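**Q**
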Amino acid sequence: MSAINKEYKKITTKSLVEMKANGEKISMLTAYDYTMAKIIDHAGIDVILVGDSASNVMAGHETTLPITLDHMIYHAASVVRAINRCLVVVDLPFGTYQGNSRKALASAIRIMKESGGHSVKLEGGEEVAESISRILTAGIPVMGHLGLTPQSIYKFGTYTVRAKEEEEAEKLKQDAKLLESLGCFALVLEKVPSKLAKEVAESISIPVIGIGAGDGVDGQVLVTHDMFGMTHEFSPRFLRRYLNLYQDMGEAVKRYVSDVKTKDFPNDKEQY
Ligand code: KIV
Numbered sequence: 001m002s003a004i005n006k007e008y009k010k011i012t013t014k015s016l017v018e019m020k021a022n023g024e025k026i027s028m029l030t031a032y033d034y035t036m037a038k039i040i041d042h043a044g045i046d047v048i049l050v051g052d053s054a055s056n057v058m059a060g061h062e063t064t065l066p067i068t069l070d071h072m073i074y075h076a077a078s079v080v081r082a083i084n085r086c087l088v089v090v091d092l093p094f095g096t097y098q099g100n101s102r103k104a105l106a107s108a109i110r111i112m113k114e115s116g117g118h119s120v121k122l123e124g125g126e127e128v129a130e131s132i133s134r135i136l137t138a139g140i141p142v143m144g145h146l147g148l149t150p151q152s153i154y155k156f157g158t159y160t161v162r163a164k165e166e167e168e169a170e171k172l173k174q175d176a177k178l179l180e181s182l183g184c185f186a187l188v189l190e191k192v193p194s195k196l197a198k199e200v201a202e203s204i205s206i207p208v209i210g211i212g213a214g215d216g217v218d219g220q221v222l223v224t225h226d227m228f229g230m231t232h233e234f235s236p237r238f239l240r241r242y243l244n245l246y247q248d249m250g251e252a253v254k255r256y257v258s259d260v261k262t263k264d265f266p267n268d269k270e271q272y
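Numbering follows the numbering used here, with no gaps: position 188 of the sequence shown is 188.
1. Please classify Thr13 as buried or exposed, where buried requires at least 16 neighbouring CB atoms within 10 angstroms.
2. Looking at C-alpha atoms only, which residue of Ile4, Met72, Val161 and Gln174 is the closest neighbour of Glu127?
3. If you measure from the CB of Ile26, is any heavy atom of the ligand KIV nearer than 7 Å?
4. Pull up the CB-CB distance for Ile209 and Asp215, whole angstroms please, since I reckon it's below 8 Å.
5. Any heavy atom of the ligand KIV within a distance shorter than 7 Å of the CB on Asp268?
6. Taking the beta strand (DSSP E) that Gly183 belongs to, which residues open and close that run?
7. Determine the DSSP secondary structure at Lys250, reduced to helix, strand or coil.
8. Are Leu275 and Glu190 close, meaning C-beta to C-beta below 8 Å?
9. Quick one: residues in its chain with C-beta nearer than 7 Å to the C-beta of Leu146, no 5 flanking neighbours on either side, listed in chain order?
10. Should the segment 154-168 be called in touch with the segment 129-140, which here means at least 3 C-beta pairs below 8 Å?
11. Just to confirm, is the Cβ distance from Val90 to Ala76 under 8 Å?
12. Measure the CB-CB distance between Leu87 and Val120 and report whether it falls below 8 Å.
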């Protein structure tokens, strides 16, 4: 089977479901700004996730909890201005959808109206079912997120692999089916055993996009800054680094500093 079964001019939520049905894997990366989104979209990515990982990579927070709805809208609007083809999914940040479905709907509407994003993502299963249902009533597509859900880090206490025990694995399987039945168009499965992830992907018709969830799922997502090697302190087993930009950019800065100090830059041709 070829890697790409159909050329899409624009990716929609329906395209992703179609890709799963045709056995075509879905590619997804994060972006939080115009320039990065332009590079990624033009290179042919299917989905850009404006992840709340912006809280870590862009703002330097230890967790995803501090990022606000206003911050997410700012990042998402910057991404939307850059893209032509891909689907843009925007994370609903911590505190904007849990325990109050009316607030969840209001938050999702703000994202759609003020950023121009195409859909929202939120973390959790049964606990957030009411919020998901209410957001869907407004015609806003929802992506789920199960397994390691970083907004619950203080409940888990660690970023280690989830659902290794039977009880948690059972709940995850039920939650995946629930998200499908509520009407989510896809879900992210983060850091779970690959056997379980494959089982989940095969048990539902909506695409399952994995991060640290093995090769039996319908697509893959990585945080772009990790995949480019811009971050270097974070090296989980699932991460494939395609570049080592931390080192390359650092070398470039060193050369620039040296050129300025030695009066090599600017030369005659680099001035008016
Ligand atoms: O915020 C994010 O980047 C995410 C991915 C890790 C899936 O949710």
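All C-beta atoms, glycine included, are put in the ideal place defined by N, C-alpha and C. These numbers come from a predicted model, not from an experiment.
**A** Reading off the structure:
1. buried
2. Gln174
3. no
4. Not quite, the Cβ-Cβ distance comes to about 13 Å (not below 8 Å), so this is no contact.
5. no
6. Careful: Gly183 lies outside any beta strand (DSSP E) and carries neither H nor E.
7. Lys is not the amino acid found at residue 250; the sequence shown has Gly there. Judged by DSSP in its simplified three-state form, Gly250 adopts helix.
8. Nothing can be reported for residue 275, as the shown portion of the chain is limited to 1 through 272.
9. Gly125, Leu172, Asp175, Ala176, Leu187 and Leu189.
10. no
11. yes
12. Going by C-beta atoms, Leu87 is not nearer than 8 Å to Val120.
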